[in-house]
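Heads up, the sequence shown is in my numbering, so the first residue is 10 and it goes up one at a time.
The C-beta atom is built at its ideal place from N, Cα and C for all residues, glycine as well.
Data block below; observations after.
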Amino acid sequence: MPPLEEIHWQGLGVSEGIVIGRVLRMHSGTRYVYRARIDEADIERELRRFRAAVRLGARQLQKIKERAEVQLGKDHAYIFDAHLLLLEDKKLIRDVEAYIVEERANAEWALKVVGDQLLSVYSEIKDEYLRERGSDIDDVVQRLLVALSGERPPHRNLSHDAVIVSQDLLPSAVAELDLNFARAIATDAGGWTSHTAIIARALGIPAVVGLRDFYRRARTGDSIIIDSSNNEVILNPSPATTEHYRHEADRLSQRGRTEALAERGPARTTDGIEIILRANVELPTEFAGVTRYGAMGIGLYRSEFLLSPRAGLITEDQQYAAYADVARVAGEAGAIVRLFDLGGERNPESWDGQQNPALGLRAIRFGLRQQEVMREQMRAILRAAAEGKLDIVLPMVTDVDDVRRARAILQEEEAGLQQRSVPFGRVRVGAMIEIPAAVLTADKIARVVDFFELGTNDLVQYTLAVDRGNDQVAEWFRTLHPAVLQEIEHSLRAAREAGIQAIVCGEMASTPAYAVLLAGFGATDLSMTPASIPRVRHALNNIDSNAAREICLDCLQCEAAEEVETLVRKRFLAKWPQVFSVRNLPASRKRQ
Ligand code: PEP
Ligand code: MG
Numbered sequence: 010m011p012p013l014e015e016i017h018w019q020g021l022g023v024s025e026g027i028v029i030g031r032v033l034r035m036h037s038g039t040r041y042v043y044r045a046r047i048d049e050a051d052i053e054r055e056l057r058r059f060r061a062a063v064r065l066g067a068r069q070l071q072k073i074k075e076r077a078e079v080q081l082g083k084d085h086a087y088i089f090d091a092h093l094l095l096l097e098d099k100k101l102i103r104d105v106e107a108y109i110v111e112e113r114a115n116a117e118w119a120l121k122v123v124g125d126q127l128l129s130v131y132s133e134i135k136d137e138y139l140r141e142r143g144s145d146i147d148d149v150v151q152r153l154l155v156a157l158s159g160e161r162p163p164h165r166n167l168s169h170d171a172v173i174v175s176q177d178l179l180p181s182a183v184a185e186l187d188l189n190f191a192r193a194i195a196t197d198a199g200g201w202t203s204h205t206a207i208i209a210r211a212l213g214i215p216a217v218v219g220l221r222d223f224y225r226r227a228r229t230g231d232s233i234i235i236d237s238s239n240n241e242v243i244l245n246p247s248p249a250t251t252e253h254y255r256h257e258a259d260r261l262s263q264r265g266r267t268e269a270l271a272e273r274g275p276a277r278t279t280d281g282i283e284i285i286l287r288a289n290v291e292l293p294t295e296f297a298g299v300t301r302y303g304a305m306g307i308g309l310y311r312s313e314f315l316l317s318p319r320a321g322l323i324t325e326d327q328q329y330a331a332y333a334d335v336a337r338v339a340g341e342a343g344a345i346v347r348l349f350d351l352g353g354e355r356n357p358e359s360w361d362g363q364q365n366p367a368l369g370l371r372a373i374r375f376g377l378r379q380q381e382v383m384r385e386q387m388r389a390i391l392r393a394a395a396e397g398k399l400d401i402v403l404p405m406v407t408d409v410d411d412v413r414r415a416r417a418i419l420q421e422e423e424a425g426l427q428q429r430s431v432p433f434g435r436v437r438v439g440a441m442i443e444i445p446a447a448v449l450t451a452d453k454i455a456r457v458v459d460f461f462e463l464g465t466n467d468l469v470q471y472t473l474a475v476d477r478g479n480d481q482v483a484e485w486f487r488t489l490h491p492a493v494l495q496e497i498e499h500s501l502r503a504a505r506e507a508g509i510q511a512i513v514c515g516e517m518a519s520t521p522a523y524a525v526l527l528a529g530f531g532a533t534d535l536s537m538t539p540a541s542i543p544r545v546r547h548a549l550n551n552i553d554s555n556a557a558r559e560i561c562l563d564c565l566q567c568e569a570a571e572e573v574e575t576l577v578r579k580r581f582l583a584k585w586p587q588v589f590s591v592r593n594l595p596a597s598r599k600r601q
């Protein structure tokens, strides 16, 4: 038989590492459901059947949750609390029952219709994290459909080299597996914040998601390689490819062992410039990574992730406990809590009537309008600052006015706490520099804040007028656009001249090649996804900041993003071939 063709697929690597193994295909569990019209006399029986399925589903979920607590730890088992809550959701249950009665429909069909309605609400949500929470609904609906069919959910024991390949891995399906043996995960659906990604990172196994049509091509037992740092999976690799990856995997695990565990503290370029590496954190699941990867504290805590779409805002005391936790995890280097970057699609009240949420009542604007929300959050942070080192950063600042207004409110809250003898700590106040207007007035803003945080994700979005979540215009989302680079240069210079700290915390800082450019622009403080720290540290430890500076100056002379990208590729390969290869440099995106 001729050897099978080696096929390469691109997706999104969401959990680091290389694995060579064999495919275990898992159907996502989606079932086809048909409508049956039932007699009036059978309605009661149908309702009983549905309620029994809900009870069975709840018992199964309870067991899964207990199993997940052992395998994944308590932090991750919370996913199944969300599922259990859905089963307790009176409205969902009532809606299905009402559909059965009014439409004389079978329970399966009623469940599907109500589930689809709820899912369509979620699929409209622009925010990726919240949108992907729709998979909870899908998971629960699929579980109830299996329960209604009288089948038992499959329980699988995995072979020692199983790479799970699925269309979309539902969290409860993952928890039902014997995770001790799952080596890696590859799915057609999913993004950075999908549950698959969260669980894979928690388990420390590599995962590539967003592979679109890969599931259809893979067969259980096929050889497969997962290479998440290159966002790639390879099906039926040739012996030469397998050998190459075996070597790479050994090198990585060797490097991972030394880098992740031995290296702490700042990176140091070959000419002796120290660069601080901090962690960006959204969820408690990422806390462990802060110490594991040797981050110097938390450079950006995206506090809006505390809020669930269903429950909305949480109380001051709950926030206080969460911020005290963040301070504890961050340790001596401290944590910077960003005030809620709320509004737009994350907050239905303000969403109403906002044609263009990204330009609307978002972030600090939302806080200044809904002052009670901002005051409550400030009180919680101030109180938690008595327990550890915390600072505040204001999101989406346009000019000094935004800062002055927020600072005045903070002062009032400090005075209030003092008056009531509530213990609190002093915090520094910084501004996110992520809007072109803030860049252009950075010298003025620098006089009224203690530090800057450069949010390059929004800076690219607002400078290039490209929606960061719209894949139709992804081709225009060019981090290395000369306009963006000029803004970075300008903002960092303004901070230097004013003698204040500047942290770069957008995704740019998480990418080794971009981090080197940032060092060339004079950045000495970066905050990133914890798992990226070893790679960024490795790159920075092996480059000379003067050489990086020269490349940056040449980039500033370029006319367009394509020219910068080509220049960076050429110069990095020539200068630092031991650190960079074509695979970890910006790819050409020349239009065909
Ligand atoms: C940014 O805009 O670069 C940033 C760090 O914040 P967020 O991605 O949360 O908008
Ligand atoms: Mg931002």
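Any non-hydrogen atom of the ligand PEP within 8 Å of residue i CB
i, result
"P491", "no"
"E568", "no"
"P404", "yes"
"R311", "yes"
"L468", "yes"
"D400", "no"
"E462", "yes"
"D476", "no"
"D411", "no"
"C561", "no"
"T8", "Residue 8 lies beyond the stretch modelled for the chain, which goes from 10 to 601, so this question has no answer here."
"R564", "The identity of residue 564 in the sequence shown is Cys, whereas the question assumes Arg. No, Cβ of C564 sits at least 8 Å from all heavy atoms of the ligand PEP."
"N593", "no"
"N289", "yes"
Cβ-heavy atom distance, residue i to the ligand MG, below 8 Å
i, result
"P366", "no"
"N550", "no"
"M517", "no"
"M441", "yes"
"D170", "no"
"D350", "yes"
CB of residue i within 9 Å of CB of residue j, strictly
i, j, result
"M537", "G213", "no"
"N472", "A447", "It is Thr, not Asn, that sits at residue 472 in the sequence shown. Taking 9 Å as the Cβ cut-off, T472 and A447 do not qualify as a contacting pair."
"G30", "I235", "yes"
"M305", "G281", "no"
"E422", "R384", "yes"
"A394", "R435", "yes"
"L348", "L403", "yes"
"V431", "V412", "no"
"A227", "A216", "no"
"V123", "L96", "no"
"I27", "S238", "yes"
"Y310", "E341", "no"
"P491", "C561", "no"
"V475", "W485", "yes"
"G219", "G20", "yes"
"I284", "L535", "yes"
Cβ-based burial, residue i [other Cβ within 10 Å; buried from 16]
i, result
"R319", "Note that R319 has pLDDT 48, beneath the 50 cutoff, so the model's placement of it is unreliable and the number below is only indicative. By the 10 Å Cβ count, R319 comes out exposed."
"V591", "exposed"
"Q176", "buried"
"V79", "exposed"
"P521", "buried"
"N555", "exposed"
"V482", "exposed"
"V130", "exposed"
"P595", "buried"
"R355", "Because R355 carries a pLDDT of 48, less than 50, the predicted location of this residue cannot be relied on, and the following value inherits that uncertainty. Buried."
"G508", "exposed"
Assigned secondary structure, residue i (DSSP; H/G/I helix, E/B strand, else coil)
i, result
"S247", "coil"
"R233", "According to the sequence shown, residue 233 is Ile rather than Arg. Residue state, collapsed to three classes: strand."
"S359", "Any reading at S359 must be qualified, since the residue scores a pLDDT of 45, below 50, and its modelled position is unreliable; the value itself is stated next. Reduced to three states, the DSSP call for S359 is helix."
"V155", "helix"
"Y310", "strand"
"S430", "coil"
"T520", "coil"
"V28", "strand"
"G464", "coil"
"E14", "coil"
Chain B contact for residue i (CB, 9 Å cutoff)
i, result
"R437", "The structure shown contains no chain B; it is built from a single protein chain."
Distance between beta carbons of residue j and residue i, contact taken as under 8 Å
i, j, result
"H17", "E252", "With a Cβ gap of about 16 Å, H17 and E252 do not count as contacting."
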